[in-house]
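Be aware that the sequence shown starts at 972, since it is given in this note's numbering, and climbs by one per residue. For glycine and all other residues, C-beta sits at the position ideal for the given N, C-alpha and C.
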Amino acid sequence: MPKIVIAIDGYSSCGKSTTAKAVAARMGYAYIDTGAMYRAVSLFFSREHVSLSNTGDVLNALDKIHITFNFNGRTGKNETCLNGLNVEEEIRTMFISNIVSEVSAIPEVRWAMVAQQQKMGRKRGVVMDGRDIGTKVFPDAEVKIFMTADVETRARRRQQELLEKGEMVNLNDIIENLEKRDRIDSTRSESPLVQAPDAVLLDTSHMAIEEQIEWVIEQADTRL
Ligand code: C5P
């Protein structure tokens, strides 16, 4: 059977990664969380006090960053590794959520990440989620989905995720963060968040995760 690329883009906290991960597992495909890559870059920049407006500094720092994904057999979870060290927990904090969109709006950061993502998916058989997968990373993806949901639903889901990790955050702070990220992501000059003309819109406001998974698999089935 031919292997295809499934691109899932959309607004923050719509359930993209949960859906993409499950679809990949059921189809025997690789899953690539491109948001985790931008989060790992943001963590490195913050630790090294990289000046975002200094292109030389940014390029220097990017040279020192190596991002990989590791499946931990003990926990059964995917881990994002920055220079060989697991940073999965650190990159999911509100601190990183508050700086990641500014970092990922830097063209040099995007060029480096997009090149890496294209390399990771070159053999196809991949589900990739992000903001520019169907428009920039894999414009030839066989399946393109653009996810959306109302902001309050998204914020409640995000609050629950953070709570499960022991971080208590006020709902309004989460709404503010989601709206700010969506605004920066949609208005940046380099590969902004937009629905690709050939992407199918999926509003997850009233959908359970299982329904979202089934829906994406049905879309994929029509292309296989
Ligand atoms: O997917 P997640 O919400 O973890 O992504 C974090 C941030 O990374 C987004 O708000 C966006 O600024 C950036 N991002 C991006 N392009 C992608 C994936 C994520 O700019 N392909």
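Under 8 Å between C-beta atoms of residue i and residue j
i     : j     : result
A1120 : S1072 : no
I979  : D1100 : yes
A993  : A1001 : no
I1146 : A1126 : yes
I1116 : A1076 : no
V1023 : A1083 : At residue 1023 the sequence reads Leu, which differs from the Val that was named. No.
M1091 : L1173 : no
V1058 : V1012 : no
V1008 : I1038 : For the sequence presented, residue 1008 should be read as Met rather than Val. For M1008 and I1038, yes; Cβs fall inside 8 Å.
S1157 : T1106 : no
V976  : A1112 : yes
L1149 : V1122 : yes
L1053 : F1016 : no
I1155 : V1097 : no
D1153 : Y982  : yes
F1040 : T1026 : no
R1010 : I1067 : yes
Per DSSP, the bridge partner or partners of residue i
i     : result
K912  : This structure does not reach residue 912, given that the chain is present from 972 up to 1195, and the question cannot be answered.
K1115 : A978
M1139 : The partner list for M1139 (beta bridge, DSSP) is empty, contrary to what the question assumes.
L1172 : F1117
Y1000 : Y1000 is not bridged to any residue.
N1057 : C1052
I1038 : L1053
Counted within 10 angstroms of its Cβ, other Cβ atoms place residue i as buried (16 or more) or exposed
i     : result
Q1088 : buried
K987  : buried
I1062 : buried
Q1131 : exposed
A1167 : buried
A1086 : exposed
I1036 : buried
F1109 : buried
G1137 : exposed
G1006 : buried
T990  : buried
M998  : buried
L1164 : buried
S984  : buried
R1018 : exposed
- beta strand (DSSP E) runs wholly inside the stretch 1079-1114, at least 3 long, in chain order: 1097-1101
- Item | Those runs of the beta strand (DSSP E) which lie wholly inside the stretch 983-1028 and span at least 3 residues | 1001-1004
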